[in-house]
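Written out below as structure tokens is the structure these notes cover.
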Amino acid sequence: MDRRSGLAEGLAAAGLSAFFFWGLRFFPLIGIAFVPAAALPLVRLGTRLGPRVATLSAVCAAAFSAAIGFALTRSLPDAGGQAIAFLATAGACGIAGGLARSRRASAVFLGLCVYGAAAGAAVWSFGPGATPAIERDFDRMAAQGIASVRQSGADAAMLARTQATIDLTRRIIVNGAPGLIAALWVLLAAVAFFLGRRLAPDRGDRSDFSRFHLPPACAAIFVLSGAAVALLRGPARWAAADVLAPLLVLYFLVGLSIITYFARRWLRTGVLRAAVYVTASWFPFPAGTAALGLFDWYFDFRKKAEQRAIGRSE
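Quick note on our numbering: the sequence shown kicks off at 1 and runs consecutively.
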């Protein structure tokens, strides 16, 4: 590919990314998809042309996003904040996609998860007014929920159970916000990274989601953080939960990648494979999917399947 066509593709990816970054967030249900949607063109571009082109395109997309933000808000600080937010989220995913062109995709994705989880948790923990804001919003919604239950004619016992559930949910959301944000980042980054690389025509086998795995050290961290959540109390327990939450999502992704690997070998119909993926992701099956991913560090299911296939062919 010559320089002119590469420049045109980079600018097109930047414009599309900025459009997705702003265009989806206004929709109530799918608005959260604006980050992976904005990252997809950049990850695809990085997979094809490398991290340098992905970085330049991400910077252009951040400038486009800032211009859109200024047009909507007429505020330079808000526009600058949108540019930083774009680079920190979608831009980071795009650069990671470029880095995985010459490195193991699993290692690059794990680094992307650590970066995003740490950055998001730090912004939430140390940002001004984050916790009081979510407490106010939650209390307002909780009051509306209690009023609705009371108007429906619920008895005192039902009101007490509803209030207890609301109090527990409030405590989990407020105290465990860094871990929940980290877990959400892992999910969004997985969609952007692996789907973006799959959309690239010359991605290669190394980028395949069915090959995703975690190093054995992550299993040790998972066990230690789980034990801390069970045995400790107070802030130490919540700190351990903040580590455990994104690890749970990571092992769910590993389990789903194992299921993807075997589904592609055994199921020829795309509809059947899609049904298997949805089932593995539907409550309460994600717990089993995460357990499958956790035990993969010891059993290495995919490697054993390949060894058996080689033994049969000999």
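Every residue, glycine too, gets a C-beta built ideally from N, C-alpha and C.
Nearest-angstrom Cα separation, counted from residue j out to residue i
{"i": "residue 37", "j": "residue 306", "result": "34 angstroms"}
{"i": "residue 206", "j": "residue 216", "result": "Residue confidence is low: residue 206 scores 48 on pLDDT, short of 50, so the model does not pin down where it sits. Its coordinate-derived value is still stated next. The alpha-carbon atoms of residue 206 and residue 216 are separated by roughly 20 angstroms."}
{"i": "residue 152", "j": "residue 190", "result": "42 angstroms"}
{"i": "residue 258", "j": "residue 155", "result": "48 angstroms"}
{"i": "residue 84", "j": "residue 13", "result": "18 angstroms"}
{"i": "residue 260", "j": "residue 273", "result": "8 angstroms"}
{"i": "residue 251", "j": "residue 222", "result": "9 angstroms"}
{"i": "residue 73", "j": "residue 210", "result": "43 angstroms"}
{"i": "residue 86", "j": "residue 77", "result": "14 angstroms"}
{"i": "residue 125", "j": "residue 50", "result": "34 angstroms"}
{"i": "residue 58", "j": "residue 17", "result": "8 angstroms"}
{"i": "residue 287", "j": "residue 277", "result": "14 angstroms"}
{"i": "residue 308", "j": "residue 267", "result": "18 angstroms"}
{"i": "residue 228", "j": "residue 253", "result": "23 angstroms"}
{"i": "residue 33", "j": "residue 160", "result": "36 angstroms"}
{"i": "residue 232", "j": "residue 19", "result": "46 angstroms"}
{"i": "residue 328", "j": "residue 63", "result": "As displayed, the chain neither begins before 1 nor continues past 314, which places residue 328 out of reach and without an answer."}
{"i": "residue 24", "j": "residue 35", "result": "9 angstroms"}
{"i": "residue 148", "j": "residue 192", "result": "38 angstroms"}
{"i": "residue 194", "j": "residue 40", "result": "9 angstroms"}
{"i": "residue 386", "j": "residue 302", "result": "Past the boundaries of the shown model lies residue 386; the chain is included only from 1 to 314, so the question cannot be answered."}
{"i": "residue 219", "j": "residue 110", "result": "14 angstroms"}
{"i": "residue 3", "j": "residue 52", "result": "13 angstroms"}
{"i": "residue 121", "j": "residue 243", "result": "10 angstroms"}
{"i": "residue 289", "j": "residue 279", "result": "10 angstroms"}
{"i": "residue 169", "j": "residue 175", "result": "10 angstroms"}
{"i": "residue 263", "j": "residue 255", "result": "12 angstroms"}
{"i": "residue 9", "j": "residue 201", "result": "14 angstroms"}
{"i": "residue 88", "j": "residue 108", "result": "16 angstroms"}
{"i": "residue 166", "j": "residue 304", "result": "46 angstroms"}
{"i": "residue 157", "j": "residue 145", "result": "16 angstroms"}
{"i": "residue 138", "j": "residue 5", "result": "50 angstroms"}
{"i": "residue 55", "j": "residue 116", "result": "17 angstroms"}
Residue nearest to residue i in terms of C-alpha spacing, selected from the options
{"i": "residue 245", "options": "186, 293, 259 and 267", "result": "186"}
{"i": "residue 114", "options": "134, 92 and 125", "result": "92"}
{"i": "residue 199", "options": "140, 94, 232 and 111", "result": "94"}
{"i": "residue 112", "options": "150, 137, 188 and 225", "result": "188"}
{"i": "residue 65", "options": "11, 168 and 220", "result": "11"}
{"i": "residue 96", "options": "292, 293, 197 and 230", "result": "197"}
{"i": "residue 297", "options": "141, 242, 184 and 213", "result": "213"}
{"i": "residue 173", "options": "146, 136, 149 and 208", "result": "136"}
{"i": "residue 22", "options": "82, 162 and 219", "result": "82"}
{"i": "residue 7", "options": "146, 60, 240 and 149", "result": "60"}
{"i": "residue 141", "options": "120, 121 and 163", "result": "163"}
{"i": "residue 134", "options": "165, 122, 107 and 171", "result": "171"}
{"i": "residue 119", "options": "182, 145 and 107", "result": "182"}
{"i": "residue 226", "options": "208, 169, 157 and 294", "result": "294"}
{"i": "residue 15", "options": "27, 26 and 67", "result": "67"}
{"i": "residue 42", "options": "90, 117 and 105", "result": "90"}
{"i": "residue 248", "options": "265, 224 and 27", "result": "224"}
{"i": "residue 179", "options": "208, 150 and 123", "result": "123"}
{"i": "residue 105", "options": "208, 30, 55 and 177", "result": "208"}
Limits of the alpha helix (DSSP H) - the one that residue i falls within
{"i": "residue 169", "result": "156-175"}
{"i": "residue 215", "result": "Where residue 215 is concerned, there is no enclosing alpha helix (DSSP H), given that its DSSP letter is neither H nor E."}
{"i": "residue 47", "result": "34-49"}
{"i": "residue 262", "result": "235-266"}
{"i": "residue 191", "result": "Neither: residue 191 is in no alpha helix (DSSP H) and is coded neither H nor E."}
{"i": "residue 112", "result": "105-126"}
{"i": "residue 288", "result": "285-299"}
{"i": "residue 200", "result": "Neither: residue 200 is in no alpha helix (DSSP H) and is coded neither H nor E."}
{"i": "residue 78", "result": "76-86"}
{"i": "residue 98", "result": "92-99"}
{"i": "residue 5", "result": "3-23"}
{"i": "residue 279", "result": "270-281"}
Cutoff 8 angstroms: residue i Cβ touching any chain D Cβ
{"i": "residue 295", "result": "Here there is only one protein chain, and chain D is not present."}
Q: Specify whether the stretch 43-53 and the stretch 100-107 touch according to this definition: at least 3 beta carbon pairs, one from each stretch, less than 8 angstroms apart.
A: yes
(Q) Does the contact criterion of 3 or more C-beta pairs under 8 angstroms hold for the stretch 278-293 versus the stretch 223-238? (A) no
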